[in-house]
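Numbered according to full-length UniProt numbering, the sequence shown spans residues 1 to 233.
We treat Cβ as the ideally placed atom computed from N, Cα and C, and that holds for glycine.
It should be emphasised that the depicted structure is a prediction, and the values quoted were computed from it without experimental measurement.
Have a look at the structure below, then the notes.
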Amino acid sequence: MPHQKFQSANIKPRYSKGQISVFGINSVYPRPPWIAAWWSAAFPGFGHMFIGKYLHGFVLIIWELVVNSMSNLNMGIALSFQGSFEEATASLNQEWALLYVAVYIYSIWDSYRCAVEISKNHSLSEIEDAPVTPSDVNFFDVVSLDKKHPWVGMLWSAFTPGLGQLYSGSTVVGTFVLAWWIFVCYKAMAIRTWLYSFLGDFSSVTAIVDWQWFLFFAFHVRFCNLSGVCISE
C-alpha cells in the first residue's frame, strides 16, 4: 500500500512547526522568556540561541568577544574578585566599555520579546497543524529525526563544546561553537594551563593564564545545556 500523502504537503504553512536541513534542525517551541533573558544577561547571544534564533546569537556572541576583549571587561571582573578595585578601574577601557551597555540591554530585552512571540507562533502552528518533514537527504548529508538522548549531547559538550550540537544535528551551530572553543582556548593559553594544573605546577599556571580570555570558560555550561535543549525538543 503506497504511503499516504498529506493534502497540504505542497502548501507552505503560515506558521511552521520546524525545519530540517543539512544546516541543522530548528523548531518553533515555547521556551520560558525569563530563562532566555537570564542567559542573555549572563552572555549576550546565549538567550537568542536558547530560543532558536541562531543568526542573532552568532552576531551577539561575536560582538561580545570583540567588545569585551577591547574593553578588558573580563580582566576588570577578575581583578575585582581579587579585591584589586583600583587596578580593575585602571585596566578598563572606558570608551569600549560604553559601547557595551546599549547592546547588552538590547540582548536581554530582545531575547525576552522573541521568546514571547515564538510561544504565540507555536500555538498558532498547533491550530494549523502544519506537517513537518521528518528527514532531508541531499548530496552533503542525510538528516532525520531519529531518537537521541539529551544527556549524551550534554556529555559530549562537556568534553568539547560543539560536539553535542553536532550530535543533535545542528551542523552550523556545532561548527560555530567548535571554532569559538578553539579560538578561546588559544587566546587563554588554556591547554598549557590545564597541563600545568594536572602536574601540580600552579605557579606556572598563574604566570601564563590570560584571565581576560579564561573567564569565557565560565560559560562552558551553557553549551552543555544548549545541546540538551536542542535534543529534548
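Quiz item: Based on the DSSP output, what are the partners of residue 19 in its beta bridges?
Solution: 26
Self-check item: For residue 47, the nearest candidate out of 120, 192, 161 and 115 (CA to CA)
Solution: 115
Quiz item: Which first and last residues belong to the alpha helix (DSSP H) in which residue 172 is found?
Solution: 171-188
Quiz item: Counting pairs of beta carbons, one from the region 60-67 and one from the region 86-93, are three or more of them closer than 8 Å?
Solution: no
Quiz item: So the alpha helix (DSSP H) residue 101 belongs to, where does it begin and stop?
Solution: 94-128
Quiz item: Residues in its own chain within less than 7 Å of residue 185 by CB, not counting five upstream and five downstream?
Solution: 191
Quiz item: Rounded to a whole number of angstroms, what is the C-alpha to C-alpha distance between residue 152 and residue 164?
Solution: 8 Å
Practice problem: Please work out which residues of its chain come closer than 6 Å, Cβ to Cβ, to residue 214, disregarding the five sequence neighbours upstream and downstream, and give them in chain order. | Solution: 188
Quiz item: Does DSSP put residue 40 in a helix, a strand or coil?
Solution: helix
Quiz prompt | Spatial distance of residue 1 from residue 134 (CA atoms) | solution = Model confidence at residue 1 stands at a pLDDT of 43, short of 50, so the residue's coordinates are unreliable; what they give is reported in the following sentence. Between residue 1 and residue 134, the C-alpha separation is close to 20 Å.
Self-check item: Three-state secondary structure (DSSP) of residue 137
Solution: strand
Quiz item: Cα separation between residue 108 and residue 61?
Solution: 13 Å
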